[in-house]
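Heads up: the structure comes next, in structure tokens.
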Amino acid sequence: MEDPNLAVEPDFLSEEYADHRLDFIDADHSIDNERAARILSKVWTLNNAKDKERWTARAAELALLAAEEKRISEEAEALHLQSIADDQQAAIKEERQKNKLKYAPVRDVDVPNNTSTLPSQYAAHLLKKGVFCPLFYFTNKGLREASHSSLASDAEALVLVQGEAGSHTFMPALAAQPASPSFIADENLTWEQFNEATPRMILAMRTHEWPEDRINMHDLFWSAIQMHPWRYSDDPLNQLALITYQAEQRPRWHQTVGTASAWSLSRINDKVLNETRHIIQNQSANLFLAKLAQVRFFL
């Protein structure tokens, strides 16, 4: 259908429309050629007006369809672009998750005067997880070892480890770290080493965002150990009992965290402390008797 708005009315008086005019001319010639042409003109005008209405309605319908198709196309394109953006963000997030150290923010501060105050990545890994971490890693000796350590700092890295039965398995590199030959268990620390390590571990707990109540509990616990009367006793068993008590109770506390049997470390249990001393005394006595028996055997 052509645009009726562009149509030009024909000349109905022309010879081309003579037959059409005859349809309106009667026998007595009451309707002549001119009147017949006017009738044809009115009919054409009415039909053209109807064609214009249909044309306008169809144009509006086509415009709505085109607008809807455009909206659907734009919406699909937007969803496609959003999907691409989401995939890119997910890939970036996964990349940052796998390589946290690569994307860790850089603090605009000067080089520290004493870089040996940085604990080993293994100790940092334990504190980040909130599990038990030996005090040795925060002694002067432990920090010196950390400054020379070549252990990969990627906690996600896997290493192949051979088990006791000879089988091999993969496990996280930090979890597979062997104990240092110079490692000192908490119960074997000197008082000097104990005093070196505890305040540093408190700071490390804050660095790794431990809950404040747990930090305060450890602070009170170690302060109570240091201020206990046995700390300054002339009897070495009393001092050894204190060191052993703290070495035993902290791992036990970690084992009970989140259970109904959990407790607070902040208050020293004198009954358990005395039992610890009694056990140490018996062990010392048994060791003395064993050495004495060896001497008698050689005599």
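Mapping of the sequence shown onto numbering that gives the first Met the number 0: position 228 corresponds to residue 227, and the numbering continues sequentially without gaps.
Backbone N, C-alpha and C fix where the C-beta goes; we use that ideal spot for every residue, glycine too.
Three-state secondary structure assigned by DSSP to residue i
i: Thr258; result: coil
i: His124; result: helix
i: Thr55; result: helix
i: Trp209; result: coil
i: Ile183; result: coil
i: Arg106; result: coil
i: Glu74; result: helix
i: Asn273; result: helix
i: Leu301; result: The question about residue 301 has no answer here: the residues shown for the chain are numbered 0 through 298.
i: Glu247; result: helix
i: Arg34; result: helix
i: Met226; result: helix
Rounded C-alpha distance that separates residue i from residue j
i: Asp307; j: Trp54; result: With the chain covering only 0 through 298, there is no way to say anything about residue 307.
i: Asp269; j: Ala103; result: 45 Å
i: Leu157; j: Asp233; result: Low confidence applies to Leu157: its pLDDT is 49, below 50, so where it sits in the model is not reliable, and the reading given next is rough at best. Their Cα atoms are separated by approximately 50 Å.
i: Leu39; j: Arg20; result: 8 Å
i: Lys140; j: Ala90; result: 42 Å
i: Glu15; j: Asp25; result: 19 Å
i: Ile83; j: Lys69; result: 21 Å
i: Tyr231; j: Leu142; result: 27 Å
i: Glu64; j: Ala17; result: Note that residue 64 is Leu in the sequence shown, not Glu. Going from the Cα of Leu64 to the Cα of Ala17 covers about 44 Å.
Residue from the options with nearest C-alpha to residue i
i: Trp252; options: Leu188, His217, Ser232, Gln225; result: His217
i: Ile242; options: Thr255, Tyr136, Arg106, Ala223; result: Ala223
i: His124; options: Gln192, Val271, Glu208, Gln254; result: Glu208
i: Ala145; options: Phe182, Asn187, Gly129; result: Phe182
i: Leu5; options: Lys51, Ala84, Glu15; result: Lys51
i: Phe135; options: Ala48, Ser283, Asn187, Ala56; result: Asn187
i: Gln225; options: Ile214, Glu211, Thr255, Phe193; result: Phe193
i: Asn273; options: Ala261, Asn237, Ser283, Glu211; result: Asn237
Range of the contiguous alpha helix (DSSP H) that encloses residue i
i: Leu142; result: 139-146
i: Asp234; result: Note, Asp234: premise wrong, no alpha helix (DSSP H); not H, not E.
i: His19; result: 17-21
The ligand PLP heavy atom lying under 6 Å from the CB of residue i
i: Glu52; result: Looking for the ligand PLP in the displayed structure turns up nothing, as the structure carries no ligands at all.
At least 3 beta-carbon pairs within less than 8 Å: the segment 197-208 vs the segment 249-267: no
Cβ contact check for the segment 31-42 and the segment 76-85: 3 or more pairs under 8 Å: no
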